[in-house]
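The sequence shown begins at 1 in full-length UniProt numbering and counts up one residue at a time.
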Amino acid sequence: MDTPVTLEHLSPEMVEQTLDRIRSFNAGRTDAHGTYVISLATSFRPYYSLWRIFHDRQAPLFIRTLAVTFDAAVERAIVLLQNCNVILEYRDNSFFEPYYGQSDDIIPFGKYRGKRMAEIYYIEPSYILWIANKFQPSDRRYDRLVELAKLFSVVHFELTVQKRKIASVSQYVGKPGDKLKELFVTVLNVRLQVDSYKPDFYVDQNILAADRDGNRFTFLVKAAAQSLTPKALSCRSRKISQHETLHLLSAKVMSQYEIHGVRYTRLGYVKLAK
């Protein structure tokens, strides 16, 4: 997924921002059970589409079209996959070309006769779930349809059911008391909090971040000066933004804890690069 992307409708800066958006989204997610992939548009297929690739299946599963621009397609895919712990990638459309002409996903019976499963799933996912779980084929030629419907049921679970273990790949880093150096992490969330040990309003930033392996960290970025209100940073404080990549020159492991199966490493004495 690190190959360059050249798109006429986007500036190089916008392309890089969009790729950063994918990298930020993937923090804490895994490819242990496959990936979701955006197929890049071509002059013959001027749209970007979403596919699901399973490790134990050669052919990718077409899910739906997304948009006619790369940045819009990425944003739409991220919205669709917000409850999913599977990573998102992109690939050249040549990878998917051999699978466009296949017809084994066309329903030969019922009210959707002649329609492809992806079309039906978009319109009425419950019908595909019925085929996956309740349909009793009277002919072996329908076994393939049931198999594909079961793959769509996996996709349906990944896209619609909220999960409490999005970052289950997170592991502890170091041990309490260890000093870590040269960490690069992506900010997942920023929460302002007032330092209750100081008078007036010293507003700190409570950071949740993840490294490229999905390991999660929490730490404070202390206020550089007093604020006029508990709801805003001091003008002297460095504002940390969501999706920003931070370079931690050094930090000390203060503690480690687990919530809902997700492991966190709490850092202190954090020194940020300028």
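We put the CB at the ideal spot given by N, CA and C, even for glycine. Bear in mind the structure is a predicted one, so any value in this text is a computation, not a measurement.
What do you get for residue i, buried or exposed, if any count of 16 or more other CB atoms within 10 angstroms of its CB means buried?
i    : result
D105 : buried
C84  : buried
G268 : exposed
T229 : exposed
A232 : exposed
Q102 : exposed
Q226 : exposed
Q136 : exposed
F44  : exposed
N26  : buried
V161 : exposed
For residue i, name the three-state secondary structure that DSSP assigns.
i           : result
A77         : helix
S237        : coil
E182        : strand
V173        : coil
S196        : coil
G214        : coil
H243        : coil
Q256        : strand
A209        : strand
Y202        : coil
residue 275 : Residue 275 lies beyond the residue range present for the chain, which begins at 1 and ends at 274; the question has no answer from this structure.
A251        : strand
T3          : Model confidence at T3 stands at a pLDDT of 47, short of 50, so the residue's coordinates are unreliable and nothing is read from them.
Answer yes or no: do residue i and residue j have a C-beta to C-beta separation smaller than 8 Å?
i           : j    : result
residue 278 : M117 : Past the boundaries of the shown model lies residue 278; the chain is included only from 1 to 274, so the question cannot be answered.
R113        : I107 : yes
N189        : L220 : no
T265        : Y172 : yes
I131        : V146 : yes
G214        : T30  : yes
T100        : P60  : A small fix is needed here, since residue 100 is Tyr in this sequence, not Thr. No, the Cβ-Cβ distance between Y100 and P60 is not below 8 Å.
R216        : G28  : yes
Y47         : A72  : no
L80         : L129 : no
V37         : I53  : yes
V203        : V194 : yes
R64         : Y122 : yes
So within the segment 5-72, which uninterrupted alpha helix (DSSP H) runs reach at least 4 residues, ignoring any that extend past its ends?
You should have 12-26.
Quick one: which unbroken alpha helix (DSSP H) runs of 4-plus residues sit fully inside the segment 85-164? Chain order, please.
Qualifying alpha helix (DSSP H) stretches, in chain order: 117-123, 125-133 and 143-160.
At a cut of 8 Å, does the segment 248-257 reach the segment 222-240 through at least three beta carbon pairs?
They do not touch, by the three-pair rule.
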